[in-house]
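Undergrad:
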Amino acid sequence: MSYPLTRDQHLELYYYMKLNRMLDEQLVRLFRQNKVVGGLYSNLGQEATSVGTAYALEKRDWIAPMIRNVGGLLVKGYKPADILMQYMARYDSPTKGKDGTSHFGDLKGRHVVSPISMLGDLVPVMTGVAIAGRYLGQNIVTMTWVGDGATSTGAFHEGLNFAATQHAPLVLVVENNQWAYSTPVAKQVPIHDLADRAKAYGIPSAIVDGNDVVAVYQATKEAVDRCRAGKGPVLIEAKTMRMKGHAQHDPAEYVPKKMFEYWEARDPIVRYEKYLTENNLWDEKTKSDFVARIEKELNDALEVAEKSPFPPPELAEQGVYCDGCHTIEAEWKRSKKEAMPPQSSVKPEWEVTDFGGFDLASTMAKQSAAAGANGGNGAKSARTVAAAQKSTGKSNGRPEKLKVAARVPFGRGPKGKEGRK
Ligand SMILES: Cc1ncc(C[n+]2csc(CCOP(=O)(O)OP(=O)(O)O)c2C)c(N)n1
Ligand SMILES: [Mg+2]
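With the first letter of the sequence shown counted as 1, position 212 gets the number 858 in the numbering used here; the numbers rise by one all the way through.
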């Protein structure tokens, strides 16, 4: 499916990606000057994934970013000064200087859930936000990002299973940037495409070139629309590359030089600049105007950040526990009555269409044969009979035999009654 972008939207995508890149470079300079207080995790090379995915969302939707999603935060309305002050631990930052990295959010205005450092944990959290939104009638979509490494955590799998069974409107973006610290994907995951993780939960997935911002946007928009239509979660694997070490302390000497060269030739911003030129969406002047505008914005932001003081020491003991510092109220977008008994009551009985037995295929084949003999539509479908034959190894598919076979441990022959205890 294709979602056409206007010229303004194309240029806006460029603006956010370039801002993401130049802010990243500015933060690195500040880190070298000892002005960044905590760790600094570069977004270099992943701008198209962060920006293109977040750009497919609406204002009402929710995100939970991870360390390499500053692009998503910018799309969601954070300003460079917010990010600079946060990393520089200044009093006017979103956390008032208490956190020196990326642990901040905005539940009321921008709908941003603060990152949790434990990898994978945002999957169940954003599933919960998605379900809450549905309950309140908000018709929202939630999005979070996980790295290749995070797909190996328990929380990722529990969360995705929960999202799938609940049909939660969650778009889960797997940023496969090829490395988790110094571990390449092939050393920690026995599959090539991380999108295949979705198969275990029966949800659709897409694989996208994470360095092509338009492709990322298109794939995500389709997923977002699907979620909003109530069709359940989608996993998107964006293939990209972490172009620096894990953080500033890491020179990434373990990454083969040729690998960096391969990905450098696919730099998302250079590629998009070429795309804009080839499609006559801008000219050299528009490009230099953008760079000048961003440079000014970043210089102004730095001035604001430098002027902001460090937090006063006594702030450390304030706001540790909530003492009425904020209120969280549900925003109902449908009648509360609908969500309460008697309207919300359901019969405590489930319709079960599949009894789940090992011999189901042969039972169904028999049933359809009986239906055929009784003058039905002759529904001895080739598929059900073939399935029955395959599972029994015989042509008549007797359920009794199947019961025994089901208890035989994998890779061993039948052992008689004792062996099956
Ligand atoms: C559950 C958990 N285990 C380990 C860590 C330590 N840790 C922080 S980042 C990281 C690597 C993450 O790799 P990946 O998920 O691929 O994300 P990337 O850094 O490449 O964006 C690890 C192991 C953690 N934060 N949480
Ligand atoms: Mg990674």
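In this text, a Cβ means the ideal position worked out from N, Cα and C, and glycines have one as well.
In this structure, does DSSP put N945 in helix, strand or coil?
TA: Looking at N945 - three-state DSSP - the assignment turns out to be helix.
Undergrad: For the alpha helix (DSSP H) containing W978, list its first residue and its last residue.
TA: Element bounds for W978: n/a, residue is neither H nor E.
Undergrad: Can you tell me whether M789 is buried or exposed? The criterion is at least 16 other CB atoms within 10 Å of its CB, across all chains shown.
TA: Label assigned to M789: buried.
Undergrad: Taking the continuous alpha helix (DSSP H) assigned at T773, which residues delimit it?
TA: It spans 768-781 - the alpha helix (DSSP H) in which T773 sits, taken as one unbroken run.
Undergrad: Would C873 be called buried (16 or more neighbouring beta carbons within 10 Å of its own) or exposed?
TA: So C873 ends up on the buried side.
Undergrad: Just checking M764 against ligand 1 - is the residue's beta carbon closer than 7 Å to any of the ligand's heavy atoms?
TA: Correct: M764 has its Cβ closer than 7 Å to ligand 1.
Undergrad: What would DSSP say about E899, mapped onto helix, strand or coil?
TA: E899: coil per DSSP, three-state reduction.
Undergrad: Using a 10 Å radius around the Cβ and a threshold of 16 neighbouring Cβ atoms, would you call N715 buried or exposed?
TA: Buried: at least 16 other Cβ atoms inside 10 Å.
Undergrad: If we ignore side chains and look at the alpha-carbon of each, how far apart do Y737 and M668 end up?
TA: Taking the straight line from one Cα to the other gives about 24 Å.
Undergrad: Taking DSSP as the reference, what is the three-state secondary structure of L881?
TA: Of the three classes helix, strand and coil, the one that applies to L881 here is strand, per DSSP.
Undergrad: Ligand 1 and R888: does any heavy atom of the ligand fall closer than 7 Å to the residue's C-beta?
TA: Checking the Cβ of R888 against ligand 1 gives yes.
Undergrad: Reducing DSSP to helix, strand and coil, say where V792 ends up.
TA: The answer is strand: DSSP assigns V792 an E or B state.
Undergrad: Do you know offhand how far R1044's Cα is from V998's?
TA: Annotation note: pLDDT 38 at R1044 (below 50); position unreliable, no value reported.
Undergrad: Excluding five sequence neighbours on each side, which residues of the same chain lie with their C-beta closer than 7 Å to the C-beta of M887?
TA: Excluding residues within five positions, the ones whose Cβ falls inside 7 Å are G691, N823, Q824, W909.
Undergrad: Kindly list the residues whose CB is nearer than 8 Å to the CB of T829, restricted to its own chain and excluding five residues on each side of it in sequence; keep chain order.
TA: Excluding residues within five positions, the ones whose Cβ falls inside 8 Å are G795.
Undergrad: Can the beta-carbon of Y733 be found less than 8 Å from the beta-carbon of V682?
TA: Taking 8 Å as the Cβ cut-off, Y733 and V682 qualify as a contacting pair.
Undergrad: In this structure, how does DSSP classify W1138 when only helix, strand and coil are distinguished?
TA: This structure leaves residue 1138 out entirely; the chain is present only between 647 and 1067.
Undergrad: Between which two residues does the beta strand (DSSP E) carrying I709 extend?
TA: Looking at the DSSP string, the run of the beta strand (DSSP E) that includes I709 is 708-710.
Undergrad: If you count every other CB in all the chains shown that lies within 10 Å of the CB of Y827, and 16 or more means buried, which is it?
TA: Exposed, by the Cβ-count rule.
Undergrad: Report yes or no: do three or more beta-carbon pairs, one from the stretch 748-764 and one from the stretch 979-995, lie closer than 8 Å?
TA: These segments do not touch.
Undergrad: Thinking G779 and R756 are a contact (beta carbons under 8 Å), I'd like their distance in whole angstroms, please.
TA: Incorrect: roughly 15 Å between the Cβ atoms, too far for contact.
Undergrad: Counting pairs of beta carbons, one from the stretch 656-675 and one from the stretch 829-847, are three or more of them closer than 8 Å?
TA: In short, these stretches do not touch, since the Cβ pair count stays below three.
Undergrad: Quick one: grab the DSSP three-state call for P726.
TA: Helix at P726.
Undergrad: Round the Cβ separation of M647 and A951 to the nearest angstrom and send it over; I've been treating them as touching at under 8 Å.
TA: Wrong, their Cβ atoms sit about 42 Å apart, outside the cutoff.
Undergrad: May I ask you to verify whether the stretch 849-869 touches the stretch 693-709, counting CB pairs closer than 8 Å and requiring at least 3?
TA: In short, these stretches touch, since the Cβ pair count reaches three.
Undergrad: Entirely within the stretch 901-946 and at least 4 residues each: give me those alpha helix (DSSP H) ranges in chain order.
TA: Complete alpha helix (DSSP H) runs here, min 4: 903-910, 914-924.
Undergrad: Could you tell me which of K833, Y863, A727, I713 sits nearest to N945, measuring between CA atoms?
TA: Comparing Cα positions, the closest option is A727.
Undergrad: Please indicate yes or no: does the CB of N785 lie closer than 7 Å to some heavy atom of ligand 3?
TA: Absence of ligand 3 from the depicted structure is noted, with ligand 1 and ligand 2 being the only ligands included.
Undergrad: Is any heavy atom in ligand 1 found nearer than 7 Å to the beta carbon of K803?
TA: What sits at residue 803 in the sequence shown is His, not Lys. Incorrect: H803 has no Cβ contact closer than 7 Å to ligand 1.
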